[in-house]
Amino acid sequence: MRRARERRDPHLEPVQPELIDSDCMTISELEESIEKYFAAGPAVSSDPEAMAAFLALRAALERGEVRSASPDAAAPTGWRVNAWVKRGILLGFRLGALAELPGGGLSFVDKHTYPVRHFSASDGIRIVPGGSAIRSGAYIARGVSCIPPMFINAGAYVDEGTMVDSHALVGSCAQVGKRVHLSAAAQIGGVLEPVNASPVVIEDDVLVGGNCGVYEGTIVRKGAVLAAGTILTRGTPVYDLVNGEVLRASDESPLIIPENAVVVPGSRAVTKGKGQEWGLSLYAPVIVKYRDDKTDLSTMLEQIVRLGMK
Ligand SMILES: CC(C)(COP(=O)(O)OP(=O)(O)OC[C@H]1O[C@@H](n2cnc3c(N)ncnc32)[C@H](O)[C@@H]1OP(=O)(O)O)[C@@H](O)C(=O)NCCC(=O)NCCS
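Take a look at the structure:
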């Protein structure tokens, strides 16, 4: 591994350490190296070798070669968390010094290990001007559309043809599949710590409606539709009217929305105590049906804005 350039006063003039040629290193060597520097704690905060290992990880994340979570048919949820990758992302925060970061007229101060990413036309990604940022260490596939303002955090993975609409957030380590629509103000929560916690996963062809929130490692399976305003967390029971089941997270598993489910925001009566006496209800997402032709028609309009993307 080549050595990163030595740092001077990081608070005034942080040096961007030279990128290493990570092709010289296998993924398991990179993993070993990240684990070593993470385990060393704050002592590595100005160690150029630790910086070089972090930069190799960051570059591999941006190329989509490593992910904070990967599909794994053998895992109970179908997704395996790569805790060492999350440790590496945390290492980047430990190694980062606050620095003034350049940016179109506005001034920003953030950890210099996570500057804003830059793209060119050859990347095949559309980024409409105005108030958006994609942090280093995020993977964005070709054909992704980013409508301002929106933010994609470190460790996130956004696959081909996905639309990230205005005011949408893709939190740290979130895994977003192909042809997903994250509608205006959809919030996909970040799950960086604890490192073994599953990130939020939005699988291929999901529509996340406007103002939705998906948090705490929830998995939304292929083709599902979250109607505008649906909020999902580990603690949210989901009422499946079609199969007569209540879906919940457990100690072993996050909340999982089944393939092609159409989930709308609803409410349920409180049936005990003061809540009952006062006639209160609690928010309850409801699976009203599984995707049908009408759903395809309702969601088709959303595709039009993506036409022309390759
Ligand atoms: C979910 C959605 C796609 C509709 O899907 P659909 O398959 O056409 O649903 P249907 O119209 O057949 O409705 C099925 C049932 O759910 C109910 N329902 C549908 N959407 C609902 C919603 N958003 N909230 C509450 N109930 C809803 C319907 O009333 C119907 O119940 P009923 O049979 O008792 O009347 C649509 O409501 C939606 O939320 N679209 C996303 C809009 C959006 O966020 N756009 C992004 C802009 S940037």
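The opening residue of the sequence shown carries number 53 in my numbering; numbering runs sequentially from there.
The C-beta atom is built at its ideal place from N, Cα and C for all residues, glycine as well.
Query	Result
Might you give, ordered along the chain, the residues of its own chain that have their beta carbon closer than 6 Å to the beta carbon of tyrosine 209, omitting 5 neighbours on each side?	Arg119, Tyr191 and Gln227
In three-state DSSP terms, what is alanine 266?	Note that residue 266 is valine in the sequence shown here, rather than alanine. It is a strand residue.
Just checking my contact of valine 277 with valine 253 at CB under 8 Å: how many whole Å lie between their CB atoms?	About 16 Å; that fails the 8 Å criterion.
So who's on the other strand from leucine 278, going by DSSP bridges?	Val260 and Val315
Decide if serine 85 is buried, meaning its Cβ has at least 16 other Cβ atoms within 10 Å, or exposed.	buried
Using C-beta distances below 6 Å, list every residue in its chain close to threonine 282, excluding the 5 sequence neighbours before and after it, in chain order.	Cys264, Val315, Pro317 and Pro337
Is the distance from the Cβ of alanine 102 to the Cβ of leucine 147 below 8 Å?	yes
Is there contact here, the stretch 184 to 202 with the stretch 121 to 133, by at least three beta-carbon pairs under 8 Å?	no
Closer than 7 Å: is that where the CB of threonine 78 sits relative to any heavy atom of ligand 1?	no
So valine 290 is in the beta strand (DSSP E); what residue range does that whole segment cover?	290 to 292
May I ask which residues mark the beginning and end of the beta strand (DSSP E) holding arginine 132?	131 to 133
Determine contact between the stretch 75 to 82 and the stretch 173 to 190, defined as no fewer than three beta-carbon pairs at a distance below 8 Å.	no
Is serine 350 helix, strand or coil when you go by DSSP?	helix
Just checking my contact of valine 294 with leucine 307 at CB under 8 Å: how many whole Å lie between their CB atoms?	In fact, because the Cβ distance is near 17 Å, the residues do not count as touching under 8 Å.
Which first and last residues belong to the alpha helix (DSSP H) in which glutamate 117 is found?	Run containing glutamate 117: none; DSSP gives neither H nor E here.
Using 8 Å as the Cβ pair cut-off and three pairs as the minimum, do the stretch 217 to 235 and the stretch 107 to 116 touch?	no
Say whether the stretch 235 to 248 touches the stretch 128 to 147, bearing in mind that this needs 3 or more beta-carbon pairs closer than 8 Å, one atom from each stretch.	yes
Pull up the distance between the alpha-carbon of isoleucine 204 and that of glutamate 329, whole angstroms please.	44 Å
Measuring CB to CB, does leucine 109 end up less than 8 Å from glycine 140?	yes
Suppose contacts are defined by Cβ-Cβ distances below 8 Å. Is histidine 233 in contact with valine 266 by that definition?	no
Just to confirm my understanding: we take serine 305, look at its own chain, exclude 5 residues before and 5 after, and list those with CB closer than 7 Å. What are they?	Pro128 and Thr129
DSSP state of serine 174, grouped into three classes?	helix
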